[in-house]
Amino acid sequence: MNVPEFGSDRVREIIEGNYRIIYILQSNQIEILAVFHGASNSKFKYYN
-19 MNVPEFGSDR
-9 VREIIEGNYR
1 IIYILQSNQI
11 EILAVFHGAS
21 NSKFKYYN
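For what it's worth, the working numbering labels the leading residue of the sequence shown as -19, then goes sequentially.
In C-alpha cells:
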C-alpha cells in the first residue's frame, strides 16, 4: 500500500499487528524507513 504522506510509488507501508512499517522499494531490496506503534502520534519526516 502506498503511503499517503509521499508522492512516490516506491514508498509503501504495511500494517502488522499494532505496527505501521514504512519502507522504500529499491531495485533489488527494500529499506525500512520507520516503524511506528499504533498508539503513538509520531510525525514522520523523510530526509534523502
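Don't be surprised by glycine CBs; every beta carbon is placed ideally from N, CA and C. Just so we're clear, the structure is a prediction, and the values are computed from it rather than from any experiment.
Run of the beta strand (DSSP E) containing residue i, from where it starts to where it stops
| i | result |
| --- | --- |
| Ser(-10) | Here the sequence assigns Arg to residue -10, which means Ser is not the residue at that position. Where Arg(-10) is concerned, there is no enclosing beta strand (DSSP E), given that its DSSP letter is neither H nor E. |
Residue closest to residue i, alpha-carbon to alpha-carbon, out of the options
| i | options | result |
| --- | --- | --- |
| Glu(-7) | Ser7, Val(-17), His17 | Val(-17) |
| Ser7 | Val(-9), Phe(-14), Gly(-13) | Val(-9) |
| Glu(-15) | Glu(-4), Ile2, Gly(-3) | Ile2 |
Three-state class that DSSP yields for residue i in the structure shown
| i | result |
| --- | --- |
| Ala19 | coil |
| Asn(-2) | coil |
For residue i: DSSP bridge partner residues
| i | result |
| --- | --- |
| Leu5 | Ile10 |
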